[in-house]
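Novice: Please see the structure below; I have some questions.
What follows is the structure in structure tokens.
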């Protein structure tokens, strides 16, 4: 083969590796687009009140909790009006618990007009920011959702931002300022993104991370939920960790009733999880003290936030009346980050419940992130 033919074939091969809008990319690099399809997003059920943005349903490459390459879905929202202050900022938005089945995915909810967290995303869109919303691993794509597997969730958030910059029609810059926000499951995902970014996605110009109602210690949260009306959330976390780490072998430790209930939960959305497992205890549904088995303890420690210092400013907020994730769990994370020298602004909200914490804290978090985007001085109350 002569040099001219060889060079031509190399150029063709390079072209085929480029991600294209609505096409397929062959690269295996985390954050690369597999597909970007135009979509429409609605604020109200019945596909009413179309959100006036450009939107794409994404599939992009990411990394599982054990380091395996995977494909994750999500949605990219970009305001139709030009951004007047330079490069348009990109917000990675991590949603709270939606459930375990593909039908529960945020992308599906936005397309159907049932995504409650669009109210918070809209505050970002009104500032002119692009918003990348991950569905997380296995939620909207083949396989089980690895719910509450922190490494997987943090990777999915960071890679959604990388993928957003590869949607040509969105015209987003790889040099754009980046912020990340989330509450509940999303708060965990946002905090994991902060911890992982320096080593996993160092090229992102991350300016700050807001994380609310953070379930930083899964063991403590599970103990709190055992026997309550929200036990289904703890069961879902067990299923999510089991999906992420096959050696946990949850099915081998379930009673016949537990097997039936947990199998049924694998396709449930959050309301169904709460209803089906309300008031149950893990000890009633298992044949062993599952969470204290050595393999479970090892993975629970691995998924406990606070061991790595975020290099960017953090805004942590938590409802004092949070009945799902104890206030002390969030306060401990703040204490540990502060002890490591992180710049943390902590807000204890007067809200009397977990859900109200999201409502009260969301606008405060967006306002704080806006300060990071424009470079205001960072205030810490460590």
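Numbering (the working numbering), first residue to last: 777 to 1158.
From the three backbone atoms N, C-alpha and C, an ideal C-beta is built for every residue, glycine too.
1) Using C-beta distances below 6 Å, list every residue in its chain close to residue 1018, excluding the 5 sequence neighbours before and after it, in chain order.
2) At the level of alpha carbons, what is the spacing between residue 1061 and residue 978?
3) Figure out for me which residue from 1066, 953, 946, 954 has the closest Cα to the Cα of residue 995.
4) Run the CB neighbour count on residue 1068, radius 10 Å, all protein chains shown included, and call it buried at 16 or more, exposed below.
5) Can you list, in chain order, the stretches of the alpha helix (DSSP H) that have 4 or more residues and sit fully within the segment 828–859?
6) For residue 1111 and residue 1085, what's the separation of their Cα atoms in angstroms?
7) For residue 880, name the three-state secondary structure that DSSP assigns.
8) In three-state DSSP terms, what is residue 1167?
9) Just confirm the distance between the C-beta atoms of residue 1050 and residue 1008, as a whole number of angstroms; I'd bet it's less than 8 Å.
10) Does the Cβ of residue 1101 have 16 or more other Cβ atoms within 10 Å, making it buried, or fewer, making it exposed?
11) Residue 945: which of 856, 966, 891 sits nearest, CA to CA?
12) Starting from residue 818, follow its DSSP beta bridges and name the residues at the other end.
13) Starting from residue 1069, trace the alpha helix (DSSP H) both ways and give me its first and last residue.
14) Beta-carbon separation of residue 1089 and residue 1119 under 8 Å?
15) Sort out for me which residues DSSP pairs residue 1158 with in a bridge.
16) Is it buried or exposed for residue 956, if we count other Cβ within 10 angstroms and need 16 for buried?
17) What are the boundary residues of the alpha helix (DSSP H) that residue 1145 is part of?
Specialist: Per the coordinate set shown:
1) Non-local C-beta neighbours of residue 1018 in its own chain, meaning closer than 6 Å and more than five positions away in sequence, comprise 1024, 1026, ordered along the chain.
2) The alpha-carbon atoms of residue 1061 and residue 978 are separated by roughly 43 Å.
3) Residue 1066 is the option with its Cα nearest to residue 995.
4) Exposed is the call here.
5) If we require 4 residues or more, the segment 828–859 turns out to have no alpha helix (DSSP H) run fully inside it.
6) Between residue 1111 and residue 1085, the C-alpha separation is close to 12 Å.
7) Helix, per DSSP.
8) The chain is shown only over 777 to 1158; residue 1167 falls outside these bounds and no answer can be derived.
9) At roughly 5 Å, the Cβ-Cβ gap stays under 8 Å, so residue 1050 and residue 1008 are in contact.
10) So residue 1101 counts as buried.
11) Here the closest residue by C-alpha is 856.
12) Residue 818 pairs with 826.
13) Premise fails: residue 1069 is in no alpha helix (DSSP H) and is neither H nor E.
14) Yes.
15) In the DSSP output, where bridge partners are listed per residue, residue 1158 has none listed.
16) Here residue 956 is buried. Its C-beta has 16 or more other C-beta atoms within 10 Å.
17) Run containing residue 1145: 1130–1149, per the alpha helix (DSSP H) assignment.
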